[in-house]
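Only one structure is covered here, and it is reproduced in the block below.
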Amino acid sequence: MAFLAGLPLGQAVTLIDYESSWNLWRGQRAPSKPDYWAWNKPDFDDSGWETAVSPIFFGEKVKGGTELTDMKSKYNSFFVRKKFDSPDPEHITSATLRAKVDDGFVAYINGTEVARYNVTTEKPKYSSKSTKAATEPLRFLNYEIDDFKSVLKNGENTLAIIVLNQRRTSPDVMFDAKLSVVSDESDPPMVASTLPPRGLAADLEQITVNFDEPVEGVDASDLLINGKPALAVTGGGRTWVFEPGPLSHGKVQLTWVQDHGITDQALTPNAFKATAAGNRWTYTFADDNPPYVRRANPPAGLAVKSLDAVEVEFSMPVNGVDAADLLINGQAAKSVKSLGANRYQFALGQAASGEVNISWADSTGITGDNPFEKPFLPLGWF
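If you're matching positions, the sequence shown starts at 30 in my numbering and goes up one per residue.
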């Protein structure tokens, strides 16, 4: 580890930017027990920590950020954590943490120390102190991460930092940071996975596209759903969520426009290849609900002069309808004929006068006429 003042970052890829949102723990007590060092590990559960936007400070003239109005004379440290997405370390040529801190800090990536300033304690705790006050005026310093290839992982990583004052009565504290890498990767980004997965799908209100590396320049209109652009997109890094708008059941083809602006974040950006194998996919969009009776004629409770047939409309096209599926006073219907994909007429024979009980057999072979083939749900007569 080394720090260099005023060193330009050049064409670096920003993994964590200034004025970002962090998970914050105020150092009034240890952030993790009984394992004190769990707090800087990537699998540590920080869902109980508060959210704070950097810069995090008190006693400084700062616009925005998060002011720790309760820190002076009460506690000497605070902890921050943030997850970030990294490209493949094998294609990274340098990694830099750029930070402005008063008075001192120690930073960890995935539990491994990567930078420190004004702290000599090997494993600082919430009660530890900075060895001296930060040099004024404060400025951003660059900390080159020498062992980034072994520390960073391709995908999700965690940066965890403890910030320390020299003493509880210190008049100020300050933290803000930026994490950047330089990548020389030459492979274009690819679609790694989608949600729903390719193939049979019951819900396409949103389509999530996971690229195999962080990308930028993604617009909603880049993704075509049956030739029409998506209506909206959110996300960042590897993961982007598209909203396709209303779709009809059947085949749904996902393609990309040719003049998109999607690239990776390499030093020389590599463009996404819209027509490459694996970057296009198809859904079979179908209703995964079981079929049920939407309406029947005559409806339940109606007094009729004669009853020799009933009509049933299912909620969707169905297969496997048999006369024995419908029971009249416990006896199977005489016959059945189709009036359409989801409408059927059952012939009963003339029922005797009085109350007629129409029900369904305990077991029918009726299923939805779609790839899910859900069995019929006999909810009664309507």
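Glycine is no exception: its CB is placed at the ideal position from the N, C-alpha and C atoms.
### Query
Taking the alpha-carbon positions, what's the N326 to G246 distance?
C-alpha separation (whole angstroms): 56 Å.
### Task
Answer with yes or no whether the minimum CB distance from K182 to chain C is below 8 Å.
You won't find chain C in this structure, because it holds only one protein chain.
### Message
Output needed for S102: all residues of its chain with C-beta closer than 6 Å, excluding positions within five of it in sequence on either side, in chain order.
### Response
Excluding residues within five positions, the ones whose Cβ falls inside 6 Å are R197, T198.
#### Entry: Beta-carbon proximity list for N386, same chain, < 7 Å, skipping 5 on both sides
Excluding residues within five positions, the ones whose Cβ falls inside 7 Å are N358.
### Task
Pair every Cβ in the segment 58-66 with every Cβ in the segment 148-156, then say whether three or more of these pairs are closer than 8 Å.
For the pair of segments examined, the segment 58-66 was found to touch the segment 148-156: the number of CB pairs separated by less than 8 Å reaches three.
### Residue interval of the beta strand (DSSP E) (run including F169)
It is not in any beta strand (DSSP E) - F169 carries neither H nor E in the DSSP assignment.
### Query
Taking all protein chains shown into account, do 16 or more other C-beta atoms lie within 10 angstroms of the C-beta of L170, making it buried, or fewer, making it exposed?
By the 10 Å Cβ count, L170 comes out buried.
### Query
Should the segment 270-290 be regarded as contacting the segment 309-316, the criterion being three or more beta carbon pairs within less than 8 Å?
Two segments are said to touch when three or more pairs of C-beta atoms, one from each, lie closer than 8 Å; by this definition the segment 270-290 touches the segment 309-316.
#### Entry: Unbroken beta strand (DSSP E) run spanning S50, endpoints
In this chain, the beta strand (DSSP E) harbouring S50 covers 50-55.
### Message
Within 8 Å, do at least three Cβ pairs link the segment 114-124 to the segment 88-97?
### Response
The segment 88-97 and the segment 114-124 do not touch, with fewer than 3 CB-CB distances between them shorter than 8 Å.
### Message
For Q40, which residues in the same chain have their Cβ closer than 6 Å to its Cβ, ignoring the five residues on either side in sequence?
### Response
In this predicted model, Q40 has a pLDDT of only 49, less than 50, meaning its place in the structure is not dependable enough to derive any value.
### Query
What is the rounded straight-line gap between the Cα of G369 and the Cα of A249?
For G369 and A249, the gap between their C-alpha atoms comes out near 39 Å.
### Query
Smallest Cα separation from A124: which of M100, G133, D241, K178?
Residue K178 is the option with its Cα nearest to A124.
### Task
Please classify V347: does DSSP put it in a helix, a strand, or coil?
In this structure, V347 counts as strand in the three-state DSSP scheme.
### Task
Output yes or no for whether 8 Å exceeds the beta carbon distance between S212 and H120.
In this structure, the beta-carbon distance from S212 to H120 falls below 8 Å.
### Task
Please say whether S367 and Y373 have beta carbons closer to each other than 8 Å?
Yes, Cβ-Cβ distance for Y373 and S367 is below 8 Å.
### Message
Measuring straight from C-alpha to C-alpha, what distance separates D317 and F343?
### Response
Cα-Cα distance, rounded: 14 Å.
### Message
If the criterion is Cβ atoms closer than 8 Å, does the pair I45 and V135 meet it?
### Response
The Cβ atoms of I45 and V135 lie no closer than 8 Å to each other.
### Close-in-space but distant-in-sequence residues of the same chain around T393 (CB under 6 Å, 5 per side omitted)
Closer than 6 Å at Cβ, skipping near neighbours: D354, F405.
### Query
For R324, which of N308, N371, E185 has the nearest alpha-carbon?
Among N308, N371, E185, the Cα nearest to that of R324 belongs to N371.
### Task
Can you check the segment 148-225 for any alpha helix (DSSP H) of at least 4 residues that lies completely inside it and give the ranges in chain order?
You should have 177-180.
#### Entry: Assigned secondary structure, W68 (DSSP; H/G/I helix, E/B strand, else coil)
Three-state result, W68: helix.
#### Entry: Buried versus exposed, by CB contacts within 10 Å (16 or more), R168
Burial call: exposed.
### Query
How many angstroms separate the CA atom of W389 from the CA atom of D232?
Spanning the alpha carbons of W389 and D232 requires a straight line of approximately 30 Å.
### Query
P118 by DSSP, collapsed to three states: which one?
DSSP places P118 in helix when its eight states are reduced to three.
### Task
Have a look at D74 and S50 and give me their C-alpha separation to the nearest angstrom.
D74 and S50: Cα-Cα distance of roughly 17 Å.
### Query
P424 to N147, Cα distance in whole Å?
Any property of residue 424 remains undetermined from this structure, which presents the chain solely from 30 to 411.
### Task
Take V333 and list the residues in its own chain whose beta-carbon comes closer than 8 Å to its own, dropping the five residues that flank it on each side.
Cβ within range, chain order: P327.
### Task
Starting from the C-beta of A34, find all residues in its chain whose C-beta is less than 8 Å away, skip the five residues before and the five after it, and write them out in chain order.
Its pLDDT being 37, under 50, A34 is placed unreliably by the model, and nothing is read from it.
### Query
Apart from the five residues on each side of it in sequence, which residues of its chain come closer than 6 Å, Cβ to Cβ, to A189?
Closer than 6 Å at Cβ, skipping near neighbours: N69, R110, Y137.
### Message
On the criterion of 16 or more Cβ atoms from any shown chain inside 10 Å, does E165 qualify as buried, or is it exposed?
### Response
So E165 counts as exposed.
### C-alpha gap between K257 and W54, whole angstroms
Taking the CA atoms as reference points, K257 sits about 46 Å from W54.
### Message
Taking the beta strand (DSSP E) that F73 belongs to, which residues open and close that run?
### Response
No beta strand (DSSP E) contains F73, which DSSP labels as neither H nor E.
#### Entry: DSSP bridge partner residues for T304 (one or two, in chain order)
Paired residue(s): none; T304 is not in a bridge.
#### Entry: Backbone CA spacing between F204 and F107 [nearest angstrom]
Each residue's Cα considered, the two are about 10 Å apart.
### Query
Exposed or buried, what is P63 when buried is set at 16 or more other beta-carbons lying within 10 Å of its beta-carbon?
So P63 counts as exposed.
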